[in-house]
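Residue numbers are given in the working numbering: position 96 of the sequence shown equals residue 96, and the series is strictly consecutive. Cβ atoms here follow ideal geometry from the backbone N, Cα and C, with glycine treated the same way.
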Amino acid sequence: MTMAGAEKGLVCRGSSSLPVSVSGGVVAIGNFDGVHRGHLAVVSTALDLARPDSRPTIALTFEPHPRTFFRPDHPVFRLTPESQKTALLIESGFDAVVIEAFDADFAAVTAEEFVHRILRQHLRASHVVAGHDFHFGKGRAGTPQFLQQEAAHAGIGVTLVEPHRDEDGEIISSSRIRRCLGDGDIARANALLGRHWSVSGTVIHGKKLGRTLGYPTANLLLPAENHLAHGIYAVQLRRADGSLHDGVASYGRRPTFDNGEALLETFVFDFADDLYGEEISVIFHGFLRGEEKFDSVEALVEQMDRDSANARSVLSKSISGFIR
Numbered sequence: 001m002t003m004a005g006a007e008k009g010l011v012c013r014g015s016s017s018l019p020v021s022v023s024g025g026v027v028a029i030g031n032f033d034g035v036h037r038g039h040l041a042v043v044s045t046a047l048d049l050a051r052p053d054s055r056p057t058i059a060l061t062f063e064p065h066p067r068t069f070f071r072p073d074h075p076v077f078r079l080t081p082e083s084q085k086t087a088l089l090i091e092s093g094f095d096a097v098v099i100e101a102f103d104a105d106f107a108a109v110t111a112e113e114f115v116h117r118i119l120r121q122h123l124r125a126s127h128v129v130a131g132h133d134f135h136f137g138k139g140r141a142g143t144p145q146f147l148q149q150e151a152a153h154a155g156i157g158v159t160l161v162e163p164h165r166d167e168d169g170e171i172i173s174s175s176r177i178r179r180c181l182g183d184g185d186i187a188r189a190n191a192l193l194g195r196h197w198s199v200s201g202t203v204i205h206g207k208k209l210g211r212t213l214g215y216p217t218a219n220l221l222l223p224a225e226n227h228l229a230h231g232i233y234a235v236q237l238r239r240a241d242g243s244l245h246d247g248v249a250s251y252g253r254r255p256t257f258d259n260g261e262a263l264l265e266t267f268v269f270d271f272a273d274d275l276y277g278e279e280i281s282v283i284f285h286g287f288l289r290g291e292e293k294f295d296s297v298e299a300l301v302e303q304m305d306r307d308s309a310n311a312r313s314v315l316s317k318s319i320s321g322f323i324r
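See below:
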């Protein structure tokens with residue numbers, strides 16, 4: 001097990017690697033995929049509980065997502081990869097993030113072991129915070145009520161947080177945000193996240209069709225489990241040096257040409273640098289239209305011109321938020 005430094009805290013691989021110096025802390029538990037506004041209810045509760053006594057704060061999370069471990073043929077559409085999730089948790093104010101490997105050994109840990117070995121012995125928790133429906137341990141035998149009872153025997157306090165709701169009274173959840181992205185509802189997904197959704201990856205070579213049309217693109221191959229709606233988006237591209245560049249992106253199979261493997265193809269406005277092999281992030285600000293098949297290349301280019309103008313308009317009006 002290893003431990004690495006982070007800008008504002010520690011990132012520990014495995015609960016047993018948490019330093020003894022981070023003892024008596026308040027531990028927030030969750031998958032935290034997306035670190036969205038619903039998760040921030042758990043996060044803020046943990047930080048508030050720790051603040052009066054200046055106790056350390058620890059986020060305990062799991063990789064891979066448990067649903068992906070149990071159903072590897074149907075992996076979860078991740079809102080945030082591990083590195084981004086960790087960075088967001090540290091940015092939220094935690095002193096440490098503990099990433100527990102969710103493998104066969106961990107899946108066999110009983111609910112009693114989870115409380116006494118992981119929470120008490122390894123994390124030395126004084127208090128834990130979790131969602132109201134948190135289940136844990138082998139066979140999900142650990143219920144919220146069991147957590148309260150068993151933690152009390154271990155001298156650990158427990159706070160269970162009710163689900164956070166949006167302005168319409170609907171529960172904010174990762175699955176709901178995934179549905180929004182699958183429907184192309186970027187505005188709602190961003191509102192539920194509390195920031196702009198983004199994807200990251202290494203720019204790959206494509207067939208360079210965009211270059212022949214006057215629209216050279218930076219191409220990313222998204223994970224197979226991604227369910228983002230095919231279509232055209234107003235985006236920003238963040239380079240490895242942190243610079244942001246406005247653009248328009250197409251996600252889909254290029255039905256006018258080859259109807260091939262789905263790619264995210266981003267055209268960056270007023271830009272001429274070579275991005276091949278570079279790690280980039282694409283930040284989504286708005287959905288413009290669905291993917292279409294055009295009768296001619298000329299008709300496609302005319303639409304691309306309109307898409308670029310529309311993307312510029314959306315980006316000029318987009319409210320700046322926290323984006324990573």
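Spatial distance of residue i from residue j (CA atoms)
{"i": "N259", "j": "E292", "result": "11 Å"}
{"i": "R120", "j": "F32", "result": "22 Å"}
{"i": "H132", "j": "P255", "result": "45 Å"}
{"i": "R312", "j": "D305", "result": "11 Å"}
{"i": "H127", "j": "S250", "result": "46 Å"}
{"i": "R37", "j": "A50", "result": "20 Å"}
Cutoff 8 Å; reference residue i; Cβ partners in own chain excluding five residues on either side
{"i": "I99", "result": "V11, C12, R13, G14, T61, F62, E63, E82, T86"}
{"i": "G227", "result": "The sequence as given places His at residue 227; Gly does not occur at that position. Closer than 8 Å at Cβ, skipping near neighbours: F77, R178, L181, G182."}
{"i": "F114", "result": "F136, G137, G142"}
CB-CB length for residue i against residue j, believed under 8 Å
{"i": "A130", "j": "I58", "result": "That belief does not hold up - the Cβ atoms of A130 and I58 are roughly 13 Å apart, past 8 Å."}
{"i": "V248", "j": "F271", "result": "The Cβ separation is near 12 Å, so there is no contact."}
{"i": "E279", "j": "T202", "result": "6 Å"}
{"i": "V35", "j": "L88", "result": "4 Å"}
{"i": "S318", "j": "H285", "result": "4 Å"}
Beta-carbon contacts of residue i that lie in its chain and below 6 Å, excluding the five residues immediately before and after
{"i": "D307", "result": "I232, V248, L288"}
{"i": "F269", "result": "D246, G247"}
{"i": "V301", "result": "L213"}
{"i": "A189", "result": "I177, C180, L181, W197"}
{"i": "S200", "result": "S281"}
{"i": "G157", "result": "H127"}
Own chain, CB closer than 7 Å to residue i, minus 5 neighbours either side, in chain order
{"i": "P75", "result": "T68, E225"}
Buried or exposed (CB count within 10 angstroms, at least 16 for buried), residue i
{"i": "A96", "result": "buried"}
{"i": "F102", "result": "buried"}
{"i": "A141", "result": "exposed"}
{"i": "G9", "result": "buried"}
{"i": "Q149", "result": "exposed"}
{"i": "I204", "result": "exposed"}
{"i": "Q145", "result": "exposed"}
{"i": "P216", "result": "buried"}
{"i": "E265", "result": "buried"}
{"i": "P52", "result": "exposed"}
| request: Please specify which runs of the beta strand (DSSP E), each continuous and at least 3 residues long, are wholly inside the region 100-150, giving them in chain order. | output: 127-131
| query | Which full runs of the alpha helix (DSSP H) of 4+ residues lie inside the region 206-290, going along the chain? | reply | 209-212
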